[in-house]
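Reviewing the structure listed below.
Protein chains: 2
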Amino acid sequence: MPSRTPPAPADAATAARSTRDRLLDAAEQLLGEAGPRAATLDAVAAAAGVSKGGLLYHFSSKDALVEGLLERLRALAAEDLARMRSAPEGAARYYVRTSVVASSDPLQRATIAALRLVQDADRRAVAAFTEVSEAWRVAIEEELGDRALSRVVQLVGDGLWMSASMGVVPPDVEEVLAALPGVAGRPV
Amino acid sequence: MPSRTPPAPADAATAARSTRDRLLDAAEQLLGEAGPRAATLDAVAAAAGVSKGGLLYHFSSKDALVEGLLERLRALAAEDLARMRSAPEGAARYYVRTSVVASSDPLQRATIAALRLVQDADRRAVAAFTEVSEAWRVAIEEELGDRALSRVVQLVGDGLWMSASMGVVPPDVEEVLAALPGVAGRPV
DNA sequence: GTCTATATTGCGATAGAC
DNA sequence: GTCTATCGCAATATAGAC
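One line per chain: the protein sequences are A and B, in this order. Going by our numbering, the first sequence opens with residue 9, and the numbers climb by one from there. Going by our numbering, the second sequence opens with residue 9, and the numbers climb by one from there.
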């Protein structure tokens, strides 16, 4: 299998964002802000500043675009998992705290986009989200050493993802954290 | 404003389900099992055993169908709220316990359907879900007398709704309840 | 690598018979 | 109250020029 068409530049931070990445950015934004219905190929292409034909050069179908989004989610989640495990505040607290959306955060944008695809009954999205979610839960359970408690922490996180994806004002996280067993009383 | 076309029979339980209700049932089922994309007017009509024209007699547009679903959700949620407040186990425990889906329960079916519409970025669905959700939270807070704690309980419930809408195997509720402050240790 | 057509299908909605 | 037939549009995808 040949590798991806544009070889990634050594320094992704300083290099101009590739068209491929801008297309994924645009798809994430449209999914998050306007939902799956609005994330048409036309709209994604326009938001990324290319034509539909341009989009279809990078992603040969809408399915391929979705797979690109989910691939990105997995990659970002893997990076996050490492940060989570080494967070001084602890994995559980880190998880809950970062489940409240700042739309500027790449992982959070990718997660919200995936959530919308999940509710659109996309099987691969369900698989990707389940996989990522499961890895988070394992990390939390390793820290807390209690299955039921780690489930509660994760359910709270899921609830935060849900209200975030609804555009509802999130509750005060610190307040929630203070009332949550397993993370309350830990150093910030 | 004229009242709804078919006057409701005095005994709704024994009477045959009206076409209107069967259409709403079908829409709920398709939304829950296959997502908003699959819930087309054609598919809803077919699942209810009528033609598209027949559907459009009862609901003059897809928007009207959605409003019908949300209206039903509000009605079912209002009934549930009364049961919740008078539940011997307490509102919080009742809420968490009934957030785990049995697809045969009308309120749970309606809630899942609404959640799918929410992620499809339907504004009225967001409004309806927020309203219902808020009423639940108030009832929980009245029982627990603690804002932060009631938020935690509700977030756990939301998390359960989310995993339910994904078709993921729900965690053991009793285990979760045992680890949750505010409901642990209450009589069952 | 990006563009402009264009083919094709599927969906929401209307019209009018029965 | 339910049906069939049909219009109009929007969305995915293809073909091929530049």
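In this text, a Cβ means the ideal position worked out from N, Cα and C, and glycines have one as well. Treat the numbers as computed from the prediction; the structure is a model and nothing was measured.
Taking DSSP as the reference, what is the three-state secondary structure of residue i?
{"i": "phenylalanine 137/B", "result": "helix"}
{"i": "glutamate 97/A", "result": "coil"}
{"i": "serine 171/B", "result": "helix"}
{"i": "valine 108/B", "result": "coil"}
{"i": "valine 181/B", "result": "helix"}
{"i": "threonine 27/A", "result": "helix"}
{"i": "leucine 188/A", "result": "coil"}
{"i": "aspartate 33/B", "result": "helix"}
{"i": "arginine 50/A", "result": "According to the sequence displayed, residue 50/A carries aspartate and not arginine. Looking at aspartate 50/A - three-state DSSP - the assignment turns out to be helix."}
{"i": "serine 68/A", "result": "coil"}
{"i": "alanine 85/A", "result": "helix"}
{"i": "aspartate 128/A", "result": "coil"}
{"i": "valine 176/A", "result": "coil"}
{"i": "proline 114/A", "result": "helix"}
{"i": "aspartate 154/A", "result": "coil"}
{"i": "glycine 43/A", "result": "coil"}
{"i": "alanine 18/A", "result": "Model confidence at alanine 18/A stands at a pLDDT of 49, short of 50, so the residue's coordinates are unreliable; what they give is reported in the following sentence. Correct three-state label for alanine 18/A: coil."}
{"i": "glycine 57/A", "result": "coil"}
Suppose contacts are defined by Cβ-Cβ distances below 7 Å. Is residue i in contact with residue j by that definition?
{"i": "aspartate 71/B", "j": "glycine 43/A", "result": "no"}
{"i": "alanine 147/A", "j": "alanine 99/A", "result": "yes"}
{"i": "alanine 35/B", "j": "alanine 54/B", "result": "no"}
{"i": "alanine 118/B", "j": "arginine 80/B", "result": "yes"}
{"i": "glycine 167/B", "j": "aspartate 166/A", "result": "yes"}
{"i": "alanine 143/A", "j": "alanine 133/A", "result": "no"}
{"i": "glycine 190/B", "j": "leucine 163/B", "result": "no"}
{"i": "leucine 84/B", "j": "proline 114/B", "result": "yes"}
Using the Cβ count rule (16 or more neighbours within 10 Å means buried), how would you classify residue i?
{"i": "glutamate 139/B", "result": "exposed"}
{"i": "valine 184/A", "result": "buried"}
{"i": "arginine 25/A", "result": "exposed"}
{"i": "arginine 12/B", "result": "A caution first: arginine 12/B carries a pLDDT of 49, below 50, which makes its placement in the model unreliable, though a value can still be read off. It counts as exposed."}
{"i": "glutamate 150/B", "result": "exposed"}
{"i": "valine 161/B", "result": "buried"}
{"i": "arginine 145/A", "result": "buried"}
{"i": "glycine 57/B", "result": "exposed"}
{"i": "arginine 124/B", "result": "buried"}
{"i": "proline 179/A", "result": "buried"}
{"i": "glycine 62/B", "result": "exposed"}
{"i": "serine 171/A", "result": "buried"}
{"i": "glycine 153/B", "result": "exposed"}
{"i": "serine 107/B", "result": "buried"}
{"i": "arginine 91/A", "result": "exposed"}
{"i": "arginine 93/B", "result": "exposed"}
{"i": "valine 126/A", "result": "buried"}
{"i": "valine 52/A", "result": "buried"}
Please list the partners that residue i has in chain B, where partner means a Cβ-to-Cβ separation under 7 Å.
{"i": "threonine 27/A", "result": "Chain B residues near threonine 27/A: none, gap ~26 Å exceeds 7 Å."}
{"i": "alanine 100/A", "result": "In chain order: nothing, as chain B lies at least about 12 Å away."}
{"i": "glutamate 116/A", "result": "For the record, residue 116/A in the displayed sequence is glutamine; it is not glutamate. In chain order: nothing, as chain B lies at least about 16 Å away."}
{"i": "proline 179/A", "result": "Arg159"}
{"i": "serine 171/A", "result": "Asp166"}
{"i": "leucine 73/A", "result": "None at all; the shortest Cβ gap to chain B is about 15 Å."}
Residues of chain A with CB closer than 8 Å to the CB of residue i, please, in chain order.
{"i": "leucine 157/B", "result": "Ala187"}
{"i": "glutamate 183/B", "result": "Arg155, Ala156 and Arg159"}
Using a cut-off of 8 Å between C-beta atoms, extract the partners of residue i located in chain B.
{"i": "threonine 138/A", "result": "Met174 and Val176"}
{"i": "alanine 46/A", "result": "Ala129"}
{"i": "leucine 89/A", "result": "Near leucine 89/A there are no residues of chain B at all, since even the closest Cβ is about 19 Å away, more than 8 Å."}
Among the candidates the options, whose CA atom is the shortest distance from the CA of residue i?
{"i": "alanine 110/B", "options": "Ala187/B, Lys60/B, Val181/B and Ala35/B", "result": "Val181/B"}
{"i": "alanine 186/A", "options": "Arg105/A, Leu152/A, Gly61/A and Val176/A", "result": "Arg105/A"}
{"i": "serine 198/B", "options": "Ser158/B, Leu31/B and Ala143/B", "result": "Any question about residue 198/B goes unanswered here, given that chain B covers just 9 to 196."}
{"i": "glutamine 116/B", "options": "Ser158/B, Leu73/B and Ser141/B", "result": "Ser141/B"}
{"i": "alanine 135/A", "options": "Met174/B, Ser59/B and Leu84/B", "result": "Met174/B"}
{"i": "tyrosine 103/B", "options": "Thr27/B, Trp169/B, Val176/B and Arg28/B", "result": "Trp169/B"}
{"i": "arginine 131/B", "options": "Ser59/A, Val52/A, Val126/A and Arg45/A", "result": "Arg45/A"}
{"i": "valine 73/B", "options": "Thr27/B, Glu41/B and Val176/B", "result": "Note that residue 73/B corresponds to leucine in the displayed sequence, not to valine. The shortest Cα separation from leucine 73/B among Thr27/B, Glu41/B and Val176/B belongs to Thr27/B."}
{"i": "valine 177/B", "options": "Pro96/A, Arg159/A and Leu89/A", "result": "Arg159/A"}
{"i": "histidine 66/A", "options": "Arg101/A, Leu39/A and Asp29/A", "result": "Asp29/A"}
{"i": "leucine 38/B", "options": "Pro96/B, Ile120/B, Ala192/B and Glu97/B", "result": "Ile120/B"}
{"i": "serine 112/A", "options": "Glu41/A, Phe137/A and Arg82/A", "result": "Glu41/A"}
Please compile the residues from chain A whose C-beta is within a distance smaller than 7 Å of the C-beta of residue i.
{"i": "alanine 42/B", "result": "Ala129"}
{"i": "arginine 124/B", "result": "Gln127"}
{"i": "leucine 49/B", "result": "Neighbours of leucine 49/B on chain A: none; closest Cβ ~15 Å, over 7 Å."}
Run through chain B and tell me which residues come within less than 9 Å of residue i, C-beta to C-beta.
{"i": "leucine 77/A", "result": "Ordered by position in chain B, no residue passes the 9 Å Cβ test against leucine 77/A, which lies about 15 Å from the chain."}
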